[in-house]
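Numbering (our numbering), first residue to last: 3 to 195.
Every residue, glycine too, gets a C-beta built ideally from N, C-alpha and C.
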Amino acid sequence: MEEKRFVRPGLKLPWLVVLAAAAVAARPAVAEPSLAPTGAFLQVGIAEDTSAATVGLTWRWSRQWVLGPGVVSGYWAAAISGWRYQAASGEGYSSLGQLSFTPVVRYTLAGGNAPWFIEGGIGATYTNKVYVTEGRAFSTRFNFGDQIAIGAVFGPAREYEVSLRFEHFSNADIELPNPGQNFIQLRLSLPLP
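In structure tokens, the structure reads:
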């Protein structure tokens with residue numbers, strides 16, 4: 003015996019439209035890549051006979067990776083710094099400007115939810131003149147900037163960060179002399195809308 007179906011002919015098309023609309027709405031939105039920075043920072047630091055002030059922008063990476071009990075994430079950092087130091091002649095102070103660009107990798111415990119983090123990075127820097135003091139003389143304006151930091155997040159939505167950083171600048175023996183300079187830096191970071 004042949005089975006009969008009781009389908010109203012006018013109902014197929016509206017259901018197909020509703021199902022298609024639901025499928026489109028259920029698709030995850032694909033974020034368009036943005037060149038807009040996600041954060042900004044202010045930083046001050048000291049080294050032997052030198053002080054530095056820095057402003058910068060950050061671009062958070064969209065990917066994160068689970069590693070043990072924590073999460074690895076990161077960001078790109080671009081900054082402008084001013085260094086003030088005792089002039090080589092011993093008469094007064096001199097200054098220079100520095101541009102830098104650094105990829106930074108961060109590790110946060112508790113699945114990324116801990117208030118503390120550690121991070122580090124190696125980037126490129128360029129100064130408007132060669133750094134020369136009484137006791138130290140760089141040979142190049144291009145240098146590398148290595149950094150390691152420990153920091154904490156705070157605020158109502160954990161949107162602010164403070165970190166204590168150790169930074170080393172040198173040219174990796176591209177040209178000699180290459181004495182390098184070490185800074186202790188304090189950074190305050192905040193999100194951008």
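Range covered by the beta strand (DSSP E) that runs through residue i
i      : result
Gln149 : Phe144 to Phe156
Ala79  : Gly72 to Gln88
Glu163 : Tyr162 to Ser172
Gly47  : Gly41 to Ala49
Ile67  : Per the sequence shown, the amino acid found at residue 67 is Trp instead of Ile. Trp67 to Leu69 is the extent of the beta strand (DSSP E) around Trp67.
For residue j and residue i, believed in contact at Cβ under 8 angstroms, the rounded distance
i      : j      : result
Ser191 : Gly47  : The pair is not a contact, with the Cβ atoms about 15 angstroms apart (cut-off 8 angstroms).
Gln45  : Arg143 : In fact, because the Cβ distance is near 21 angstroms, the residues do not count as touching under 8 angstroms.
Thr110 : Val73  : 5 angstroms
Thr104 : Phe171 : Actually they are not in contact, since the Cβ atoms of Thr104 and Phe171 sit about 11 angstroms apart, beyond 8 angstroms.
Opposing strand residues paired with residue i [DSSP bridges]
i      : result
Asn130 : DSSP, once it has assigned bridges, lists no residue as partnering Asn130.
Arg108 : Ser75 and Glu121
Ala116 : Paired residues: none, contrary to the question.
Ile186 : Ile48 and Phe168
Thr60  : Gly41 and Ala79
Phe103 : Ala80 and Ala126
Leu192 : Ala42
Leu98  : Trp85
Ser53  : Ile48 and Arg86
Ala139 : Val134
Does the count of Cβ pairs from the segment 53 to 67 and the segment 150 to 163 closer than 8 angstroms reach three?
no
Validate contact between the segment 97 to 111 and the segment 72 to 87 using beta carbons, cut 8 angstroms, 3 pairs
yes
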